[in-house]
Structure formats: C-alpha cells, structure tokens
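Here the numbering used here = 1-based position in the sequence shown + 60. We put the CB at the ideal spot given by N, CA and C, even for glycine.
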Amino acid sequence: MGLLNKPAAAPSSAQWTVQLSQSLDGGKTWTQSNVSGRPIYFGDICTTGIFCGLAPDSFNWGNDRILLDDFGVAAGPDGGARIAWTDAYDSWAGSCKPGGDVTCQDTHVRFACQKSGLGLAGQKITGCGQAKRP
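Dropping the structure here:
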C-alpha cells in the first residue's frame, strides 16, 4: 500500500485537513471544499481502533489515537452539510509542530455547516439552518 492509502504510515510532518466532496447529480460531477481552512492535525492516524499502539511497530498501524473516531457528516433540515471533527491546530506552538512529537497535540471538537450553494435536494442554502422545535 502506498503512503496515501495508509494514514498510519504517515510521517510526523504530514498535515491533515477536513475536506467535503459533494455531488448533486448522482456522482457525475463533484465539488470539493476545504472545510477546516487550515491543518487540523499532524502525524500518523491510527485506524485500527482499540489496537492502536498495541501492535508491533513492524505492523505499521500507527500509535496515535488522538483523533479518536470523532468525525461526522450529516445533512441539516435545509439539506446543507453539517460536519463535526476533532481539531488539534490550536495546540501547535513551540516544539509542538509538524515534524515533532505528535503526542504533544491537544484536541477539541469543531463544527461547521454549509452556508451557501445547494443542499442535497438542490435547494439554495442561505445560512446555517436550524431545526424548529415542535
């Protein structure tokens, strides 16, 4: 597997962003957007769940579990995308930076919603719509 296909093999200098791809025509065309607007994390990403850090280094599964499984995408009541993710960028300072020790990163959850363009049903999005309480 190549490096791009195996995030656990990424060097500590690798930087990750949150991207959203959207198709409104059954997959014929796609639009991609950088949702985070900046990197959210550096280093490897372990994708083996509870086995992160337990396998021998020769397995190359990665050790860092800081991003957990906190990444979600949903459609809001207006059909616009809603995305939540774990973000470590605000902890980057001093020696805590890409190429350094990935365990120095602290995280918090960020949220974004689609504020323009078209929703899933093709309707125009004019803001971050909220569900109405019954």
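In the displayed model, I110 falls within a helix according to three-state DSSP. The beta carbons of Q79 and W90 sit about 11 Å from each other, so the pair does not count as a contact at 8 Å. Judged by DSSP in its simplified three-state form, T89 adopts coil rather than helix or strand. Along the segment 122 to 146, the beta strand (DSSP E) occurs as fully enclosed runs of 3 or more residues at 131 to 135, listed in sequence order.
At the C-beta level, N120 and A69 come within 8 Å of one another.
When rounded, the separation of the alpha-carbon atoms in Q174 and T77 is 17 Å. With respect to the 8 Å criterion, I185 and A148 are not classified as neighbours on the basis of their beta carbons. In the structure shown, C164 adopts helical secondary structure according to DSSP, grouped into three states. Taken atom to atom, the span from the alpha-carbon of T108 to that of H168 is near 21 Å.
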